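Residues in the sequence shown are numbered consecutively from 800, following this note's numbering. Built from N, CA and C at the ideal position, the CB exists for glycine as well. Everything numeric in this text was worked out from a predicted model, so none of it was measured. Encoded as structure tokens, the structure appears first; notes follow it.
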Amino acid sequence: MKLLDLLRFKPLERFVRWRYSRFVMQVPLLLVALLALYDGFFGRQLAPKNFATVSVWLHYRGFLVLAIAVLGNLFCAACPMMLVRGPTRWAKRFLPQFAWPRALRNKYFVIGLTLLYLFAYEYWDLWESPWLTAWLILGYFVVAFVVDALFPEGTFCKYVCPLGNFNFTLSTVSPTQITARDPKVCLSCEGHYCVNGRVETPEGRKTLKEAPDAEGLRFPGCETKLYVPQIDSNMDCTLCMNCVRACPYDNVAWKLRAPLIEAAWARYKTDVVWLGVLLFFAGFMNALAMVPPYYQIAERLSALLGTRNEAVLLSTIYLLWTGLGLFLTVGVAALADRISGVKEPPAKAVRFWGAGFFPLAFAMWAGHYTFHFLTGWATIIPVTQQALNNLGIYVGEPDWTLAALVPENWLYPLQVIILYIGLLAASYVLFRRARARNSFAAGAVVFLYFFLLVALALWVLAQPMEMRGTLLLPQ
Ligand code: SF4
Ligand code: SF4
800 MKLLDLLRFK PLERFVRWRY SRFVMQVPLL LVALLALYDG FFGRQLAPKN
850 FATVSVWLHY RGFLVLAIAV LGNLFCAACP MMLVRGPTRW AKRFLPQFAW
900 PRALRNKYFV IGLTLLYLFA YEYWDLWESP WLTAWLILGY FVVAFVVDAL
950 FPEGTFCKYV CPLGNFNFTL STVSPTQITA RDPKVCLSCE GHYCVNGRVE
1000 TPEGRKTLKE APDAEGLRFP GCETKLYVPQ IDSNMDCTLC MNCVRACPYD
1050 NVAWKLRAPL IEAAWARYKT DVVWLGVLLF FAGFMNALAM VPPYYQIAER
1100 LSALLGTRNE AVLLSTIYLL WTGLGLFLTV GVAALADRIS GVKEPPAKAV
1150 RFWGAGFFPL AFAMWAGHYT FHFLTGWATI IPVTQQALNN LGIYVGEPDW
1200 TLAALVPENW LYPLQVIILY IGLLAASYVL FRRARARNSF AAGAVVFLYF
1250 FLLVALALWV LAQPMEMRGT LLLPQ
């Protein structure tokens, strides 16, 4: 099937080929980050009335899933953190350079960091504190700078950034992908410039790998080391479009695709599938921590362990829940393998069947973020006015009544629809994989597992939920 190449749309192609296109996309988000830092540190310390908390915890996350669902990983493309690249190139001249440790060249390190981040989010109630939110933003920039200054470019995005890896994981079900226009052209391509970079010197064309210091027109290649003709997944693609500019044969396409084609067919590495599985269970936990049953569980655990230390209780619940999720997933995948008559190690079974978790993880987070985004969507107007007014840029008096405009009775049905769509999408992925194994019974077992998880998630979302960061009263 011939799919639409978005880069055939000339104005878009011209923009993408322009060397400052990414910078132009990064500037608005940098301004948002700077305003969030200012209001977070110096503004009114009331979460629903502060630009830092409202923009980060309500709007950024809401727009992020919307962009991924409609087009792709646009937030990595416009990530202001990568603006540290200019200063780090300068700093690299003086600092020692290290290779990222081989043992950490996978997703397990970032899985650990994601768990730490989720723990910190709950333990320090980050959504409730403009000041801590501002520190989080600042800390993120500092870590991006340090990692980028000491390690090869792309290390931070690929191996360290929890947010980027969250985006990568959810964009496995987005409707676009970078691919080669004509794979035959790539076969005769001498430099694999899309990944190695290109420099046009007076002596001729070279790759940046073979002539890193050569003078001439320079086009960096893919920082996360994706080789265009072999891309079958959006994992690790920041949509930076370096490959488009680096390919001298105009052979890189940004194509529309069926959103589930990747999860249905791609051969994922085990760590990548674990990231998808973890994000589903973490998304579930994130929602659970906002409803009354969570407090009942915490009370019981407190009596059992004989402690009221919140850090102990929270980390125990997180580890028990994600541990149970991983254990059940291994068990169900291994059972499905057994039913389909395939004998392989449990890790391989998870690699095969666990791909169904990608649409499910997307639906879990999309449902949850939709709730927050819609309950507080209009708050962004008065908080922006207030922050700019405080800065001395007068843009009118904030109208705080804008905050409660969304009908509350839409929220749960919307979340139910999103989760049903997620389950339907996951069923399709399982169907394709079961067909490849010639065993629908095996697919049915995994489907039953997903069905129970979604039922449990719907029960959690049906509970009265804390209206974090909004001006509304609890339901
Ligand atoms: S996409 Fe372009 S640069 Fe990359 S291998 Fe193909 S022809 Fe070469
Ligand atoms: S250079 Fe790499 S990360 Fe950037 S768009 Fe191309 S494939 Fe994606």
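Whole-angstrom distance between residue j and residue i, CA atom to CA atom
i, j, result
"F1250", "L1222", "7 Å"
"Y1168", "G1124", "22 Å"
"A1162", "L1078", "11 Å"
"F840", "P929", "7 Å"
"A1261", "Y1211", "7 Å"
"G938", "R1234", "47 Å"
"A1081", "G1242", "24 Å"
"G885", "G1105", "52 Å"
"A919", "S1114", "10 Å"
"R1137", "Y1067", "20 Å"
"R901", "W1258", "42 Å"
"N905", "G1195", "49 Å"
"S854", "A1133", "43 Å"
"K809", "N1208", "44 Å"
"P1273", "M1089", "Note that P1273 has pLDDT 39, beneath the 50 cutoff, so the model's placement of it is unreliable and the number below is only indicative. Computed Cα separation, rounded: 11 Å."
"A1290", "N1085", "Lying before the first or after the last residue shown, residue 1290 is absent from the chain, which here runs from 800 to 1274."
"T913", "L1100", "24 Å"
"G990", "L1025", "14 Å"
"E952", "S1139", "43 Å"
"G1003", "C1046", "15 Å"
"T1128", "V1149", "7 Å"
"G1268", "L865", "Low per-residue confidence applies at G1268: pLDDT is 49, beneath 50, and the placement is therefore not dependable, though the value from the model is reported in the following sentence. Each residue's alpha carbon lies about 20 Å from the other."
Closer than 7 Å: residue i CB and nearest ligand 2 heavy atom
i, result
"N1050", "no"
"C1036", "yes"
"M1040", "yes"
"C1021", "yes"
"L1103", "no"
"I867", "no"
"L805", "no"
"L870", "no"
"L1190", "no"
"I977", "yes"
"L1025", "yes"
Exposure label - residue i; buried when at least 16 CB within 10 Å
i, result
"W892", "The amino acid occupying residue 892 in the given sequence is Arg; Trp does not appear at that position. Exposed, because fewer than 16 other Cβ atoms sit within 10 Å of the Cβ of R892."
"A877", "buried"
"T1121", "buried"
"T1000", "exposed"
"L806", "buried"
"N872", "buried"
"S1226", "buried"
"Q1095", "exposed"
"Y1248", "buried"
"G763", "The first residue shown for the chain is 800 and the last is 1274, placing residue 763 beyond what the model contains."
"F1018", "buried"
"Q1214", "buried"
"N1050", "buried"
"G963", "buried"
"G842", "buried"
"E1061", "buried"
"P879", "buried"
Residue from the options whose Cα sits closest to the Cα of residue i
i, options, result
"W1053", "L912, A1243, T978 and G938", "T978"
"G1075", "V1244, Y920, D924 and W1152", "W1152"
"L1201", "L1213, S1226, T1174 and V1194", "T1174"
"M1040", "D1012, Y992, A1081 and M1084", "Y992"
"F1246", "V998, W1258, Q1214 and V1131", "V1131"
"Y916", "L1190, P961 and F940", "P961"
"W1164", "F862, R816 and F808", "F862"
"F908", "P1145, N1108 and V1071", "V1071"
"A1254", "F814, G911 and F1083", "F1083"
"I1030", "E1009, L1007, R1004 and P982", "P982"
"N966", "A933, V998 and S1032", "S1032"
"L829", "L986, V1043 and L882", "L882"
Residue i Cβ short of 7 Å to ligand 1 heavy atom set
i, result
"A1010", "no"
"P1028", "yes"
"L993", "What sits at residue 993 in the sequence shown is Cys, not Leu. It does: the Cβ of C993 is within 7 Å (strictly closer) of some heavy atom of ligand 1."
"C985", "yes"
"A1241", "no"
"C1046", "yes"
"C960", "no"
"A876", "no"
"C956", "no"
Residue-chain proximity (residue i, chain C), Cβ-Cβ < 8 Å
i, result
"L1222", "Note that chain C does not occur in the displayed structure, where there is just one protein chain."
What runs of the beta strand (DSSP E), each 3 residues or longer, lie entirely inside the region 1090 to 1133? none
To test your reading of the DSSP string, which unbroken alpha helix (DSSP H) runs of 4 or more residues are found completely within the region 1131 to 1213? 1145 to 1152, 1156 to 1175 and 1179 to 1190
My parser needs the alpha helix (DSSP H) runs of 4 or more residues fully inside the region 1037 to 1073; what are they? 1041 to 1045 and 1060 to 1064
In the region 978 to 1022, which residue ranges form an unbroken beta strand (DSSP E) of at least 3 residues, counting only runs that do not cross its ends? 997 to 1000, 1003 to 1006 and 1016 to 1018
At 4 residues or longer, what runs of the alpha helix (DSSP H) sit wholly inside the region 940 to 969? 961 to 969
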